[in-house]
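For reference, the structure discussed in these notes is given below.
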Amino acid sequence: MARSARPRFPRIRALLAPAVDNWLARGYLAVVAASMGFFLWAVYLSPDPGFAGIWPLMTTAPLSMIVSMPLMALAPDGDSPLAWLTPLLFSAGTVLCGLFNAVLLGLLARRLTGREPHPAA
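Structural data, given as structure tokens:
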């Protein structure tokens, strides 16, 4: 018997739909992807990554700043506060912050334009 063409996770798809159903949110996600690409290039391929992590933090602000402030406050005296934070974990957190911000931007754009969303194919 053939399976129906229903999405496997309709709730998650409905929650993330505002992040991709308008150009404002899509453009924001492109900027987040570009900053993450630069960060990963700098960390893994560049001889000196320097302050490469600032670009993803700035593109996903304010949520990334709100999340990172308590982590920095938990540092013991003289130790690096984020020594346990690997580039992969930092990337995953930044991508989640970017998705959350894109959903909020999509909802704002939908509210301001007053149009119904166009589902992505």
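If you read the sequence shown in my numbering, its first letter stands for residue 695, the second for the next number, and so on.
The beta-carbon is built from N, C-alpha and C at its ideal position, and this holds for glycine as well.
DSSP three-state label for Ala-755, please. Here residue 755 is taken as the residue at index 61 of the sequence shown, counted from 1. Looking at Ala-755 - three-state DSSP - the assignment turns out to be coil, as it is neither helix nor strand.
Is Gly-721 buried or exposed, if buried means 16 or more other CB atoms sit within 10 Å of its CB? Counted from its first residue, the sequence shown places residue 721 at position 27. So Gly-721 counts as exposed.
Span of the alpha helix (DSSP H) around Pro-712: Position 18 of the sequence shown, counted from the first residue, corresponds to residue 712. Looking at the DSSP string, Pro-712 is not in any alpha helix (DSSP H), and its letter there is neither H nor E.
Element boundaries [alpha helix (DSSP H), containing Ser-740]: If you number the sequence shown from 1, residue 740 lands on position 46. Taken as a continuous stretch (DSSP letters only), Ser-740 belongs to no alpha helix (DSSP H), as it is neither H nor E.
Segment limits, alpha helix (DSSP H) that includes Gly-747: On the sequence shown, residue 747 is found 53 positions in, with the first residue counted as 1. From DSSP, Gly-747 is part of no alpha helix (DSSP H); its letter is neither H nor E.
Give the DSSP-derived three-state secondary structure of Thr-788 in the structure shown. Within the sequence shown, residue 788 is the residue found at index 94, counting from 1. If DSSP states are grouped into helix, strand and coil, Thr-788 belongs with the helices.
Shortest alpha-carbon distance to Leu-765 belongs to which of Leu-782, Pro-750, Phe-745, Gly-787? Position 71 of the sequence shown, counted from the start, is the residue given in the question as residue 765. Out of Leu-782, Pro-750, Phe-745, Gly-787, the CA that lies nearest to the CA of Leu-765 is found in Gly-787.
Using 10 angstroms around the beta-carbon of Ser-740, count the other beta-carbons present and answer buried if the total reaches 16, otherwise exposed. By 1-based counting over the sequence shown, the position of residue 740 is 46. Ser-740 should be labelled exposed.
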